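Peer 1: Numbering (my numbering), first residue to last: 8 to 541.
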């Protein structure tokens, strides 16, 4: 089996593809497809093998994967995204074809010409949320990995003349067979380079979405019909429905939300046993009753050694505050802990464990969102890492004046990716369920005059004191109006570096760092004279 060479950008080189297409077909693996679709694909791709997990995937393989589940739970949502991760990161095939659904666009008025440029609207349908998050998982990983990926959104599969939003099995199989071998070139310059045999630079995009439809029903054939994919359905729909000309174009834009802080506010704090949990508990307790929750027994909170100098330890607030053992992986424990609460703060995270990171960061927050809805809790604050600071070409680390709410770029970083997917789920469900949420992002915590601060921290412009960070969390709970259902708010002290604009916590929460962080950035030889606080 051939292994495709990659260029300096990590893309499969152009010259290789001329002899690579047939080799690709020899290693096609099918995972999660319906039996009828498997048979149709195997008729067009001889030798395509059905697999049950990622273990049999080889580096030169093409993987056709359907991550969707029937009657899915929140745990299934996590498992579907984790399967995509395991395929692309653990096994790293040459090409990945992901099957998704056209139902992600059903909420748009049928009078619009719906193409691949319309954003998915999964709503609170668990099956559609899985499809949406699985798509994003493959998109982000392929920013950082030399894997060509193609998402095929399919209509409902049938073996007869398709109806309004249906797709014949043969057309689906034909599109899948094409996706296993055809390289998608989306720039004329790249197409010309391919024609002359130029093997310098990327051959095509690493990730594309294509709509595979019957062409004459609910959705047209758009980008999928362009060369080189050239999809042309052979089983059109004869059903016709009226398409009144739509008039509203702002239906799906984020709208401001407001929520007054109740006088008897009670906050349930998940992850209270972590480093930020202690200062956050104290900050929240100034105006609210706090139910401190953590997977650890409260008796162990103060004995856990935190990494790093100056890192605070968790505390147990006195009555009327409470402490509870709660594992966010268990939806029943999460729901029970939220009884009587009027606000929720989630700050429990797992950074490195390849199993727990998915279960806690993604499934755990989904359970917390469900509890908020079940209890009628309208303010939900979740904490996580800044997701726009990966280095070039994935993120914006080298770019100047990037706002803290820039589109996330987690790439293939486990902690960042699982947090990103959880935050996207929160955005979708908060809009759907009228939850006033706030996503509070941090980069680095430190103590300004800590002599043991690492060189990494001293070189980073994104710093905040632990107690200032906790104050920002409390401010996110208390703020009355937010610009959307789940805005992203970056928290950091002002610095001298000139790279970033005013942070979102200052603009949206009325917060400003109290601790002077300037000693973090003093030159070792700097001494005497007046200092100016930022």
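All residues carry an ideal CB built from backbone N, CA and C; glycine is no exception.
For clarity, every value in this text was computed on a predicted model and none was experimentally measured.
How should residue 306 be labelled, buried or exposed, when 16 other C-beta atoms within 10 angstroms of its C-beta is the threshold for buried?
Peer 2: The sequence position of residue 306 within the chain shown is 299, counting from 1. So residue 306 counts as exposed.
Peer 1: Quick check: the Cα distance between residue 391 and residue 447, rounded to an integer number of angstroms?
Peer 2: The residue given as residue 391 occupies position 384 in the chain shown. The residue given as residue 447 occupies position 440 in the chain shown. Looking at the two C-alpha atoms, the distance is approximately 6 Å.
Peer 1: What's the gap between the Cα of residue 508 and the Cα of residue 526?
Peer 2: Counted from its first residue, the chain shown places residue 508 at position 501. Counted from its first residue, the chain shown places residue 526 at position 519. So the two alpha carbons sit approximately 21 Å from each other.
Peer 1: Expressed to the nearest angstrom, what Euclidean distance is found between the alpha-carbon atoms of residue 1 and residue 331?
Peer 2: Because the chain is modelled from 8 through 541, residue 1 falls outside the range shown and cannot be assessed.
Peer 1: Where residue 356 and residue 367 are concerned, what is the direct C-alpha to C-alpha distance, given to the nearest angstrom?
Peer 2: The residue labelled residue 356 in the question sits at position 349 within the chain shown. The residue labelled residue 367 in the question sits at position 360 within the chain shown. Rounded to the nearest angstrom, the two C-alpha atoms are 6 Å apart.
Peer 1: Below 8 Å on the Cβ atoms is my contact criterion, and I expect residue 303 with residue 372 to pass it. Report the Cβ-Cβ distance as a whole number of Å.
Peer 2: What you label residue 303 is simply residue 296 of the chain shown in a count that begins at 1. What you label residue 372 is simply residue 365 of the chain shown in a count that begins at 1. Not quite, the Cβ-Cβ distance comes to about 19 Å (not below 8 Å), so this is no contact.
Peer 1: Do residue 88 and residue 141 have their beta-carbon atoms positioned less than 8 Å apart in this structure?
Peer 2: To locate residue 141, count along the chain shown from 1; it is residue 134. To locate residue 88, count along the chain shown from 1; it is residue 81. In this structure, residue 88 lies closer than 8 Å to residue 141 by Cβ.
Peer 1: From the DSSP output, read off the bridge partner residues of residue 277.
Peer 2: As a working note, residue 277 is residue 270 in the chain shown. DSSP, once it has assigned bridges, lists 300, 353 as partnering residue 277.
Peer 1: Taking the alpha carbon of residue 76 as the reference point, which residue from 232, 531, 41, 494 has its own alpha carbon closest?
Peer 2: Mapped onto the chain shown, residue 76 falls at position 69. It is 41.
Peer 1: Could you check what DSSP says for residue 28 in three-state terms: helix, strand or coil?
Peer 2: Here residue 28 refers to the residue found at position 21 of the chain shown. Bear in mind that a pLDDT of 44 at residue 28, under 50, signals an unreliable position, so the number given afterwards is only what the model happens to contain. Residue 28 falls in the helix class under three-state DSSP.
Peer 1: Using 8 Å as the cut-off, can you tell me whether the stretch 122-132 makes contact with the stretch 47-67, which would need three or more C-beta pairs spanning the two stretches below that distance?
Peer 2: The stretch 122-132 is not in contact with the stretch 47-67.
Peer 1: Quick one: what's got a C-beta closer than 6 Å to residue 173's C-beta in the same chain, skipping five residues either side?
Peer 2: Walking along the chain shown from the start, residue 173 turns up at place 166. These residues qualify, in order along the chain: 162, 163, 165.
Peer 1: What are the partner residues of residue 156, as DSSP defines its beta bridges?
Peer 2: Within the chain shown, the letter at position 149 stands for residue 156. For residue 156, which the question treats as bridged, DSSP gives the partners 103, 214.
Peer 1: Is the beta carbon of residue 159 sitting closer than 8 Å to the one on residue 186?
Peer 2: The count along the chain shown starts at 1 and reaches residue 159 at position 152. The count along the chain shown starts at 1 and reaches residue 186 at position 179. Result yes, Cβ atoms of residue 159 and residue 186 sit closer than 8 Å.
Peer 1: In whole angstroms, what is the alpha-carbon distance linking residue 342 and residue 247?
Peer 2: Here residue 342 refers to the residue found at position 335 of the chain shown. Here residue 247 refers to the residue found at position 240 of the chain shown. Taking the straight line joining both Cα atoms gives about 46 Å.
Peer 1: Of all the options 477, 370, 405, 410, which has the alpha carbon lying nearest to the alpha carbon of residue 494?
Peer 2: Along the chain shown, one-based indexing puts residue 494 at 487. Among 477, 370, 405, 410, the Cα nearest to that of residue 494 belongs to 410.
Peer 1: Let me check one thing: in DSSP terms, what residues is residue 163 bridge-paired to?
Peer 2: Taking the first residue of the chain shown as position 1, residue 163 is located at position 156. Answer is 173, bridged to residue 163.
Peer 1: Which full runs of the beta strand (DSSP E) of 3+ residues lie inside the stretch 328-410, going along the chain?
Peer 2: Counting whole runs of 3 or more residues, the stretch 328-410 contains the beta strand (DSSP E) stretches 329-332, 350-353, 386-392.
Peer 1: So, with DSSP's three-state summary, where would you put residue 310?
Peer 2: Within the chain shown, numbered from 1, the residue matching residue 310 stands at position 303. Of the three classes helix, strand and coil, the one that applies to residue 310 here is helix, per DSSP.
Peer 1: Among 324, 359, 415, 436, which residue has its Cα nearest to the Cα of residue 375?
Peer 2: Position 368 of the chain shown holds residue 375. Closest option to residue 375, Cα to Cα, is 436.
Peer 1: What's the C-alpha gap between residue 176 and residue 37?
Peer 2: Taking the chain shown and counting its residues from 1, the one referred to as residue 176 is at position 169. Taking the chain shown and counting its residues from 1, the one referred to as residue 37 is at position 30. Whole-angstrom Cα-Cα distance: 15 Å.
Peer 1: Is residue 427 helix, strand or coil by DSSP?
Peer 2: The residue labelled residue 427 in the question sits at position 420 within the chain shown. Helix, per DSSP.
Peer 1: Quick check: the stretch 496-512 against the stretch 471-486, are at least 3 beta-carbon pairs closer than 8 Å?
Peer 2: Output reads yes: the stretch 496-512 touches the stretch 471-486.
Peer 1: Span of the beta strand (DSSP E) holding residue 91?
Peer 2: Translated into the one-based positions of the chain shown, residue 91 becomes position 84. Segment 81-92 is the alpha helix (DSSP H) holding residue 91; no beta strand (DSSP E) there.
Peer 1: Using only the alpha-carbon positions, how far apart do residue 539 and residue 321 sit?
Peer 2: The residue given as residue 539 occupies position 532 in the chain shown. The residue given as residue 321 occupies position 314 in the chain shown. Note that residue 539 scores a pLDDT of 49, beneath 50, so its modelled location is shaky and nothing firm can be said.
Peer 1: Go ahead and label residue 504 buried or exposed: buried means 16 or more other beta carbons lie within 10 angstroms of its beta carbon, across all protein chains shown.
Peer 2: To locate residue 504, count along the chain shown from 1; it is residue 497. Exposed.
Peer 1: In this structure, how does DSSP classify residue 56 when only helix, strand and coil are distinguished?
Peer 2: Translated into the one-based positions of the chain shown, residue 56 becomes position 49. Three-state result, residue 56: strand.
Peer 1: Which of helix, strand or coil does DSSP assign to residue 137?
Peer 2: To locate residue 137, count along the chain shown from 1; it is residue 130. If DSSP states are grouped into helix, strand and coil, residue 137 belongs with the helices.
Peer 1: Does DSSP put residue 62 in a helix, in a strand, or in coil?
Peer 2: Position 55 of the chain shown holds residue 62. The answer is helix: DSSP assigns residue 62 an H, G or I state.
Peer 1: In this structure, does DSSP put residue 219 in helix, strand or coil?
Peer 2: Position 212 of the chain shown, counting from 1, holds the residue named residue 219. Three-state result, residue 219: strand.
Peer 1: Among 296, 244, 188, 238, whose alpha-carbon lies nearest the alpha-carbon of residue 167?
Peer 2: Indexing the chain shown from 1 puts residue 167 at position 160. Nearest option by C-alpha distance: 244.
Peer 1: Start and end of the alpha helix (DSSP H) containing residue 474?
Peer 2: Against the chain shown, residue 474 aligns to sequence position 467. It spans 473-485 - the alpha helix (DSSP H) in which residue 474 sits, taken as one unbroken run.
Peer 1: Using only the alpha-carbon positions, how far apart do residue 104 and residue 143 sit?
Peer 2: Here residue 104 corresponds to residue number 97 of the chain shown, with the count starting at 1. Here residue 143 corresponds to residue number 136 of the chain shown, with the count starting at 1. So the alpha carbons of these two residues sit roughly 13 Å apart.
Peer 1: Hey, residue 54 and residue 70: beta-carbon distance below 8 Å or not?
Peer 2: Locating residue 54 in the chain shown gives position 47, where the first residue counts as 1. Locating residue 70 in the chain shown gives position 63, where the first residue counts as 1. For residue 54 and residue 70, no; Cβs fall outside 8 Å.
Peer 1: Taking only three categories from DSSP, how would you classify residue 443?
Peer 2: Working through the chain shown from its first residue, we reach residue 443 at position 436. Looking at residue 443 - three-state DSSP - the assignment turns out to be strand.
Peer 1: With a threshold of 7 Å on Cβ separation, who are the neighbours of residue 404 within its own chain once the five nearest residues in sequence on each side are excluded?
Peer 2: Sequence index remark: in the chain shown, residue 404 carries index 397 (1-based). Answer for residue 404: 396, 397, 398, listed in chain order.
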